[in-house]
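Remarks on the structure that follows.
Number of protein chains: 2
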Amino acid sequence: MRIGIDAMGGDQAPAAEAGGALSARSVLGRGDKIVLVGDESVILPHLEGHDGWQDWIEIHHAREVISMDEPPVEALRAKPDSSIAVVAQLHADGDIDACISAGSTGAFVAAGQMRLRRLKGVHRPGILIVTPTPHGPVAVCDVGANVSCRPRHLHQYGIMASVYVNLVCGVREPRVGLLSVGEEEAKGNTLVKQTRELLENDSQLPFVDNVEGRDLFRGVCDVMVCEGFVGNVVLKLMEGMAEGVLAGMLKELATSMPEHAAAIKKAAGTILGKYDFNEYGGAPLLGVDGICIICHGASNHRGIKNAIQVAAELSKHHVNERIVELLSR
Amino acid sequence: MRIGIDAMGGDQAPAAEAGGALSARSVLGRGDKIVLVGDESVILPHLEGHDGWQDWIEIHHAREVISMDEPPVEALRAKPDSSIAVVAQLHADGDIDACISAGSTGAFVAAGQMRLRRLKGVHRPGILIVTPTPHGPVAVCDVGANVSCRPRHLHQYGIMASVYVNLVCGVREPRVGLLSVGEEEAKGNTLVKQTRELLENDSQLPFVDNVEGRDLFRGVCDVMVCEGFVGNVVLKLMEGMAEGVLAGMLKELATSMPEHAAAIKKAAGTILGKYDFNEYGGAPLLGVDGICIICHGASNHRGIKNAIQVAAELSKHHVNERIVELLSR
Numbered sequence: 600m601r602i603g604i605d606a607m608g609g610d611q612a613p614a615a616e617a618g619g620a621l622s623a624r625s626v627l628g629r630g631d632k633i634v635l636v637g638d639e640s641v642i643l644p645h646l647e648g649h650d651g652w653q654d655w656i657e658i659h660h661a662r663e664v665i666s667m668d669e670p671p672v673e674a675l676r677a678k679p680d681s682s683i684a685v686v687a688q689l690h691a692d693g694d695i696d697a698c699i700s701a702g703s704t705g706a707f708v709a710a711g712q713m714r715l716r717r718l719k720g721v722h723r724p725g726i727l728i729v730t731p732t733p734h735g736p737v738a739v740c741d742v743g744a745n746v747s748c749r750p751r752h753l754h755q756y757g758i759m760a761s762v763y764v765n766l767v768c769g770v771r772e773p774r775v776g777l778l779s780v781g782e783e784e785a786k787g788n789t790l791v792k793q794t795r796e797l798l799e800n801d802s803q804l805p806f807v808d809n810v811e812g813r814d815l816f817r818g819v820c821d822v823m824v825c826e827g828f829v830g831n832v833v834l835k836l837m838e839g840m841a842e843g844v845l846a847g848m849l850k851e852l853a854t855s856m857p858e859h860a861a862a863i864k865k866a867a868g869t870i871l872g873k874y875d876f877n878e879y880g881g882a883p884l885l886g887v888d889g890i891c892i893i894c895h896g897a898s899n900h901r902g903i904k905n906a907i908q909v910a911a912e913l914s915k916h917h918v919n920e921r922i923v924e925l926l927s928r
Numbered sequence: 600m601r602i603g604i605d606a607m608g609g610d611q612a613p614a615a616e617a618g619g620a621l622s623a624r625s626v627l628g629r630g631d632k633i634v635l636v637g638d639e640s641v642i643l644p645h646l647e648g649h650d651g652w653q654d655w656i657e658i659h660h661a662r663e664v665i666s667m668d669e670p671p672v673e674a675l676r677a678k679p680d681s682s683i684a685v686v687a688q689l690h691a692d693g694d695i696d697a698c699i700s701a702g703s704t705g706a707f708v709a710a711g712q713m714r715l716r717r718l719k720g721v722h723r724p725g726i727l728i729v730t731p732t733p734h735g736p737v738a739v740c741d742v743g744a745n746v747s748c749r750p751r752h753l754h755q756y757g758i759m760a761s762v763y764v765n766l767v768c769g770v771r772e773p774r775v776g777l778l779s780v781g782e783e784e785a786k787g788n789t790l791v792k793q794t795r796e797l798l799e800n801d802s803q804l805p806f807v808d809n810v811e812g813r814d815l816f817r818g819v820c821d822v823m824v825c826e827g828f829v830g831n832v833v834l835k836l837m838e839g840m841a842e843g844v845l846a847g848m849l850k851e852l853a854t855s856m857p858e859h860a861a862a863i864k865k866a867a868g869t870i871l872g873k874y875d876f877n878e879y880g881g882a883p884l885l886g887v888d889g890i891c892i893i894c895h896g897a898s899n900h901r902g903i904k905n906a907i908q909v910a911a912e913l914s915k916h917h918v919n920e921r922i923v924e925l926l927s928r
């Protein structure tokens, strides 16, 4: 398997991308390669000095970079030789089997959709994240690819996310919940009401019911389906709470028990690690005819390494093939 | 001032409502009264035995109750003598100056809108919550009254919430943020893009920019404007994280340092208290021609008491008058 990485997009690029590629050797199969896409002269210094990196890493030169704040589609048109455009094109050409980026999510999603097209039967691709909860991981889809969903898009997110959770996370019969503002049928907006009908009538999908934001942490479902706008707010809010509230709380705890500050700091590290986006790696863009893994902009080398593992899992478990099979029912 | 309370709606009704009314004496002015609305035979036992409760508490009998899972509008029509319908009607008739309910939010919002009408110039009422953050309180509006917003509704939420934060929380020039999926202009859905234009063109409103979910905890704005669907998800998610993650984390910490379990439990109580909905009391329904305070269904007597204080603050600071004044510009 050949996995391409946009080496220029993340906040710590290319150090995080190069570091991730270097440390990924242990998770790669024999003959697998990582292709770092970007400015060779910038990437190379991060690899030199590491013994034998050429055995599993290649560099594919791309001279342009799309920054986080450029309008995605316009940027892709204006910069065909950007690392994001090139890594997606290499995948479309069959030169690599998966692509990863910690750069502009908008540009990467657009590049994935434009270059790779959609899997047969898929209306709209969606980004899936697996979030840790006290009751185990819950997959949330979509978290930002599609901010104006139709009911049939959400229905398919339920199907695609279930396939992922089943094959990759090993959950036998993933329970699907629809994110809404209340459990009662009367509540919710038009999108939710229409989607609920589709999900209820899909006898193949174990639909538990509408769920509320707090249910994410109550172990009531394995998959939570929502519009990309709402899902992205959920994702960022969790990040903000982990960063601002949990961290602040642990600090306060250490202050109130100064004699145990060191022990609390140690325990806190373990706990916060569970909610560190670098641990749960990349978020797959489900529904494109390929494997696109989106990383957090602030990913470090562990985040990139975990994204490489996610890409390998998607391939190994034939997630795309299973999605096409289910959608053709 | 006379403050009416739906005594039958909350999960702990009428104990929480009666307890809140009893303990509110210290925050009431001379001659102020609490009117508990509901089944007299059920409410009375919670008051009897408390010396002189008749000095500041009255009971107004209402024989019906709307439950949490009834469709709001239908329930109001079918049960004109329900505690929610009656408390709103008493307010409309001028018999009370404010009303409070921990019952069905949908029914209470509908009753408030139908009985009290809207303030002059207001398109749609919105629910405001004040959420604690490491950088101080942030007001979020709307969190569930209006799940299908138009840009002009969101614009008015910005104005109304700013008035509240200014007059009640004492923030001199509240900074307004628009909740979206990214800071860049290109991101967001149609509603956000159109609202952004309105907010930018309102020279009276200090609009900081679009904000993301994580910004809620970063001290970048004092008011966060969003559609009711998204706001309700945000509210419930924070509740779920506080309940599931923070609590779980403290438990884990106590387990990993068993010799300090008692001290951690004590410190944790203080910290979790900050994120306890009972502490920040009720959420005002801004934009109705009256004072309606919505309480969490699981409110205890402290939550009810705090809601009584919120009602008194709204009245004292003439929040509604100021909203009408600003909207007539």
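Chains as they are written, first to last, in the numbering used here: chain L, 600 to 928; chain S, 600 to 928. We put the CB at the ideal spot given by N, CA and C, even for glycine. Here the structure is a predicted model, which is why all the values come from computation and not from measurement.
TODO: With Ser700 of chain L as the anchor, note down where its beta strand (DSSP E) starts and where it stops.
DONE: Ala697 to Ser700
- [ ] Would you please verify whether the beta carbon of Gly847 of chain S is less than 7 angstroms from any beta carbon of chain L?
- [x] yes
Task: Short Cβ contact (7 angstroms threshold) for Leu689 of chain L with Gly812 of chain S - done: no
Open item on the list: Checking 7 angstroms against the spacing of the C-beta atoms, do Pro883 of chain L and Leu913 of chain L come in under that value?
Closed with: yes
- [ ] Step through the CB atoms of chain L and report whether any lies within less than 7 angstroms of the CB of Pro733 of chain S.
- [x] yes
- [ ] Ignore the nearest five residues each way along the sequence and tell me which others in Lys873 of chain L's own chain have a CB closer than 8 angstroms to its CB.
- [x] Pro731
Open item on the list: Strictly under 7 angstroms for the Cβ-Cβ distance: is His859 of chain L near chain S by that measure?
Closed with: yes
Open item on the list: Quick check: the Cα distance between Gly880 of chain L and Asn800 of chain S, rounded to an integer number of angstroms?
Closed with: Roughly 41 angstroms separates the two Cα atoms.
TODO: Check the C-beta distance from Arg930 of chain S over to Ile683 of chain S and give it rounded, since I have them as a contact under 8 angstroms.
DONE: Since the first and last residues shown for chain S are 600 and 928, residue 930 of chain S lies out of range.
Open item on the list: Please tell me whether Ser666 of chain S has its Cβ less than 7 angstroms away from any Cβ of chain L.
Closed with: At a cut-off of 7 angstroms between beta carbons, Ser666 of chain S makes no contact with chain L.
Open item on the list: For Gly889 of chain L and Asp692 of chain L, what's the separation of their Cα atoms in angstroms?
Closed with: Looking at the backbone, the Cα of Gly889 of chain L and that of Asp692 of chain L are separated by about 11 angstroms.
Task: Assigned exposure category for Pro671 of chain L - 16 Cβ within 10 Å defines buried - done: buried
TODO: Let me know if Lys678 of chain S comes out buried or exposed under the rule of 16 or more other beta-carbons within 10 Å of its beta-carbon.
DONE: Buried, since its Cβ has 16 or more Cβ neighbours within 10 Å.
TODO: Could you tell me whether the Cβ atoms of Glu616 of chain S and Ile903 of chain S are closer together than 7 angstroms?
DONE: yes
- [ ] Tell me the start and end of each unbroken beta strand (DSSP E) in the stretch 775-847 of chain S that is at least 3 residues and wholly inside, in chain order.
- [x] 775-778, 806-810 and 822-824
Open item on the list: Do Cys894 of chain L and Ala910 of chain L have their beta-carbon atoms positioned less than 7 angstroms apart in this structure?
Closed with: no
Task: Among S:Leu777, S:Lys786 and S:Phe816, nearest to Leu797 of chain S - alpha-carbon criterion - done: Comparing Cα positions, the closest option is S:Leu777.
- [ ] Quick one: which residues of the stretch 815-830 of chain S get their C-beta closer than 7 angstroms to a C-beta of chain L? List them in chain order.
- [x] From the stretch 815-830 of chain S, only Leu815, Phe816, Arg817, Phe828 and Val829 have a Cβ closer than 7 angstroms to chain L.
- [ ] Kindly indicate if chain S contains any beta-carbon less than 7 angstroms away from that of Leu727 of chain L.
- [x] Under the Cβ criterion of 7 angstroms, Leu727 of chain L is not counted among the residues facing chain S.
- [ ] Answer with buried or exposed for Pro857 of chain S, where buried requires no fewer than 16 other C-beta atoms within 10 angstroms of its C-beta.
- [x] Here Pro857 of chain S is exposed, its C-beta having fewer than 16 other C-beta atoms within 10 Å.
Task: the stretch 742-772 of chain L: positions lying closer than 8 angstroms to chain S by Cβ - done: Cβ contacts with chain S: Gly743, Val746 and Ser747.
Task: Enclosing beta strand (DSSP E) for Val739 of chain S [first to last residue] - done: Val737 to Cys740
Open item on the list: How far does the alpha helix (DSSP H) with Leu675 of chain S in it extend, from its first residue to its last?
Closed with: Pro671 to Ala677
- [ ] Taking all protein chains shown into account, decide if Gly648 of chain L is buried (16 or more other Cβ within 10 angstroms of its Cβ) or exposed.
- [x] exposed
Open item on the list: Give me the DSSP bridge partner(s) of Ala882 of chain S.
Closed with: S:Ile893
Task: Members of the stretch 652-679 of chain L that neighbour chain S once the beta carbon cut-off is set at 9 angstroms - done: Met667, Asp668, Glu669, Pro670, Pro671, Val672 and Glu673
Task: Coil, strand or helix - Lys632 of chain L by DSSP - done: Shown here, Lys632 of chain L sits in a strand according to DSSP, grouped into three states.
Open item on the list: Within the continuous alpha helix (DSSP H) that includes Arg601 of chain S, where are the two ends?
Closed with: Looking at the DSSP string, Arg601 of chain S is not in any alpha helix (DSSP H); the run it does join, the beta strand (DSSP E), is Arg601 to Asp605.
- [ ] Answer yes or no: do Val819 of chain S and Val810 of chain S have a C-beta to C-beta separation smaller than 7 angstroms?
- [x] yes
TODO: With DSSP collapsed to three states, give me the class of Glu663 of chain S.
DONE: strand
Task: Sequence-distant residues of the same chain with beta carbon closer than 7 angstroms to Val762 of chain L, five excluded per side - done: Val918, Arg921, Ile922 and Leu925
Task: C-beta neighbour in chain S for Arg813 of chain L, strict 7 angstroms - done: yes
Open item on the list: By the DSSP assignment, the beta strand (DSSP E) with Leu913 of chain S in it spans what residues?
Closed with: Run containing Leu913 of chain S: none in the beta strand (DSSP E); it sits in the alpha helix (DSSP H), His900 to Lys915.
- [ ] Could you name the residues of chain S that Met856 of chain L contacts, counting a contact when the two beta carbons are closer than 9 angstroms?
- [x] His859, Ala862, Ile863 and Ala866
- [ ] Flag Lys835 of chain L as yes if its beta-carbon sits less than 7 angstroms from any beta-carbon of chain S, otherwise no.
- [x] yes
Open item on the list: Just checking: is the beta-carbon of Glu639 of chain L within a distance shorter than 7 angstroms of some beta-carbon in chain S?
Closed with: no
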